[in-house]
Amino acid sequence: MDTGESTVGGRHRTDELDGGSDPQFEPPPRRRAGRGTVLVPLAGAVALAVLLGVAAYVVVNKGPGCAGERVKLSVVASPDIHPAVQKIATRFGKSGRAVDGKCVAVTVKAAEPADVANAMAGTGPTSGKLDPDLWIPDSSLWLSGVKNAPEPAGNAASTPVVLAASKAGADKLQSAFSPSWTGLMSAANAANPDGLARKVRVLALDPTQNAAGLGALLAGAAVLKQGGGGEETLVGVLRRLSESTVSTPDSMFATLTKAAARIPVGVTSEQAVWSYNTTTTPSNPAVALYPAEGTISLDYPIIVTAKDSATRKAAQALATEMTSPSGRKTVQDYGFRTPDGAGGGLLKPDNGVNAKKPAAIPLPDTATVTRLSQAWHQIKLGTRLLSLIDISGTMALPADKTGVTRMRAISDLTVEGLKLFPDKAEMGLWTFSDNLRGPGVDWKPVVQIGPLAQQINGVTRRETIAQALRQVKAIPTGNTGLNDTLWAAYQKMTKEYEPDKVNTILLFTDGVGNDDPNGGLSNSEILQKLKGAFDPKRPVSLLIISFNTQKDEDRTQMTSIAKATGGAAYFPQTVLEIRNIFLKGIARRLQ
1004 MDTGESTVGG RHRTDELDGG SDPQFEPPPR RRAGRGTVLV PLAGAVALAV LLGVAAYVVV
1064 NKGPGCAGER VKLSVVASPD IHPAVQKIAT RFGKSGRAVD GKCVAVTVKA AEPADVANAM
1124 AGTGPTSGKL DPDLWIPDSS LWLSGVKNAP EPAGNAASTP VVLAASKAGA DKLQSAFSPS
1184 WTGLMSAANA ANPDGLARKV RVLALDPTQN AAGLGALLAG AAVLKQGGGG EETLVGVLRR
1244 LSESTVSTPD SMFATLTKAA ARIPVGVTSE QAVWSYNTTT TPSNPAVALY PAEGTISLDY
1304 PIIVTAKDSA TRKAAQALAT EMTSPSGRKT VQDYGFRTPD GAGGGLLKPD NGVNAKKPAA
1364 IPLPDTATVT RLSQAWHQIK LGTRLLSLID ISGTMALPAD KTGVTRMRAI SDLTVEGLKL
1424 FPDKAEMGLW TFSDNLRGPG VDWKPVVQIG PLAQQINGVT RRETIAQALR QVKAIPTGNT
1484 GLNDTLWAAY QKMTKEYEPD KVNTILLFTD GVGNDDPNGG LSNSEILQKL KGAFDPKRPV
1544 SLLIISFNTQ KDEDRTQMTS IAKATGGAAY FPQTVLEIRN IFLKGIARRL Q
């Protein structure tokens, strides 16, 4: 049988061609996480091909009776399990198995599951032509995006999704952090930056590219829902994690093992922890932390996609070999568990892991996976937001029984709301009352829209906005030129629309509605103009936070204005109610 592998990259690689030597003389499995696959030259031509970067397939078995035509079988495996699959394929070839009287020539390539899923679904980027006869991704989660995906012909292995820290970091965490999805979600909640997040920095793997990253979000969301957590909390977590993703498991481990004021905690697979510790011999090894509530496992489905009858038979025969006792033993030799969760002798504390089977959280249905994936995409979109702050006379009235003024309550909470947005978010600030810049001009730009991290006179825009909010005061005799201000802001945001961002106007007022003695746009006119200007293909939405709005007609008007732009109106009655409004606004991206 011919087996081989190409130079397709992946999270891990072999330092030797596992399939190219006799299994009884092979050294213990040895892999190094990284990109690409290095082939040991078995002949001068192969060596030259490797040195020149040319993809090569290596003949590893050419026994008697295989001189004629062969059944060619192309296998693509997730990079982490690729070395184990290569070894099993080699053993399969040397066993002399035949299909329809012909020997089987197997090639085993490593490719990221996201690339293969995109190729099969016809969506998203890929790293090259990927059309395997048999595919072994790291998780069935990838099948949710593949229409009419075949049923798995079994599972090659499993490995639980775990939290991970350095050994030194794990020792420090004991007093502050109990390994759990609840703790992780708390540390990653953008709405609670002064809680556990002050001690723990959560590192996420991009769930659109990494099944462990997606599995962690699904497990965390399931635990959050079971505990009665609302969607706003999930949004806070997604917001924080979207800004703390690492590109690869290698990058995550490099970050985990560095000393830092906030202890890094990552999300990865148990096998990745084992592989990192056993192939790099780090001075500060990684430690797998098993969530108390249980976890989702990567299940390595064996997907037969071959169309030709003989090739399908060959794929089924190889699948049988992978699910045999010897196949199970091989995957355990590479730090995996068998599909039922049994760990081998290599899953031991010395390698940063534990062979005890963790409690299981079942994989959710396809609809849940799709919804969370879409939510991640929406949260990752950039933000372009213009805040409009009412500074009319009624804003000096008490907000609630606490005695704090409406002006101060909204200003203080808006400063807190700024913490939810990343540095790359684009924000600006206007104030409005009436005649602020001459007769009929009721609004005043305070901070022009731009990235929060951008410097303005030596100070970031984030701090410039925060300072302006702290200093803003209500005008005792000021009226509320709301409609004219809103129309001017909507025209500006529509003209400057950016398609790669969520474009939003955030209006803070005290619920009186439009109160403009100088005339200006009426309530019916502003509603008509907004309906005419709204373009669902280039949406600029309006979110209204109208504090202490009592009259039904005022609530109806503001709700109608917001809905005309695909937005929403909120009517908090106390300071505490305002706190979750920011997250509710972001949560609208999930709808």
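The sequence shown begins at 1004 in this note's numbering and counts up one residue at a time. We put the CB at the ideal spot given by N, CA and C, even for glycine.
DSSP places Met-1430 inside the beta strand (DSSP E), whose first and last residues are 1429 to 1435. Beta-bridge partners assigned by DSSP to Leu-1472: none are found. A direct Cα-to-Cα measurement between Pro-1086 and Asp-1253 gives close to 17 Å. Pro-1182 is classed as buried because its beta carbon has at least 16 other beta carbons within 10 Å across all chains shown. With a cutoff of 8 Å on beta-carbon distance, Gly-1348 and Ser-1161 are scored as not near each other. A contact is defined here as three or more CB-CB pairs under 8 Å, and the stretch 1356 to 1370 meets this definition with respect to the stretch 1292 to 1304. For Thr-1110, there is no enclosing alpha helix (DSSP H); the enclosing beta strand (DSSP E) covers residues 1105 to 1113.
Taking a cut-off of 8 Å for Cβ pairs, the stretch 1387 to 1394 and the stretch 1315 to 1332 do not touch, as fewer than three such pairs fall below it. Residue state for Ala-1289 is assigned as strand, using DSSP reduced to three classes. Per the DSSP secondary-structure output, Asn-1506 pairs in a beta bridge with Arg-1387 and Val-1543.
Around the beta-carbon of Arg-1473, fewer than 16 other beta-carbon atoms lie within 10 Å, marking it exposed. With at least 16 other beta carbons inside 10 angstroms of its own, Gln-1335 counts as buried. Burial check for Ala-1117: the Cβ neighbour count within 10 Å reaches 16 or more, so the residue is buried.
Straight-line spacing of the CA atoms in Leu-1510 and Ile-1547 works out to 5 Å. Just so you know, the alpha carbons of Lys-1383 and Ser-1414 end up roughly 27 Å apart.
Annotation: the continuous alpha helix (DSSP H) that includes Ser-1527 extends over 1526 to 1536. The criterion of a C-beta distance shorter than 8 Å is not satisfied by Ala-1291 and Val-1203. Note on geometry: alpha-carbon atoms of Val-1078 and Leu-1144 lie some 19 Å from one another. Scanning Gly-1570, Thr-1308 and Arg-1100 for the CA closest to the CA of Tyr-1493 turns up Gly-1570. Positions of the alpha helix (DSSP H) runs, each at least 4 residues long and wholly inside the stretch 1308 to 1389, are given as 1312 to 1325, 1328 to 1336 and 1369 to 1383 in order along the chain.
Using a 10 angstroms sphere on the CB of Ala-1567, the tally of other CB atoms reaches 16 or more, which defines it as buried. By the Cβ neighbour-count rule, Leu-1350 is buried, with 16 or more other Cβ atoms within 10 Å of its own.
Per DSSP, the unbroken alpha helix (DSSP H) holding Leu-1416 starts and ends at 1409 to 1421.
Here Glu-1273 is buried. Its C-beta has 16 or more other C-beta atoms within 10 Å. Under the 8 Å Cβ criterion, the stretch 1396 to 1416 does not count as touching the stretch 1519 to 1534, having fewer than three qualifying pairs. Closest in C-alpha terms to Leu-1244, from the list Ala-1313, Leu-1208 and Thr-1463, comes Leu-1208.
Boundaries of the beta strand (DSSP E) around Lys-1447: 1446 to 1454.
The C-alpha of Ala-1152 is placed about 13 Å away from the C-alpha of Lys-1310. Here DSSP, grouped into helix, strand and coil, assigns Pro-1210 to coil. Contact annotation, Thr-1497 with Ala-1456: C-beta distance approximately 25 Å; criterion of less than 8 Å not satisfied. Per DSSP, the continuous beta strand (DSSP E) segment holding Lys-1075 begins and ends at 1074 to 1080. Annotated as distal: Gly-1338 and Ser-1286, with beta-carbon spacing of 8 Å or more. The C-alpha of Thr-1467 is placed about 13 Å away from the C-alpha of Asp-1426. CA-CA distance, Val-1107 to Glu-1072, rounds to 9 Å.
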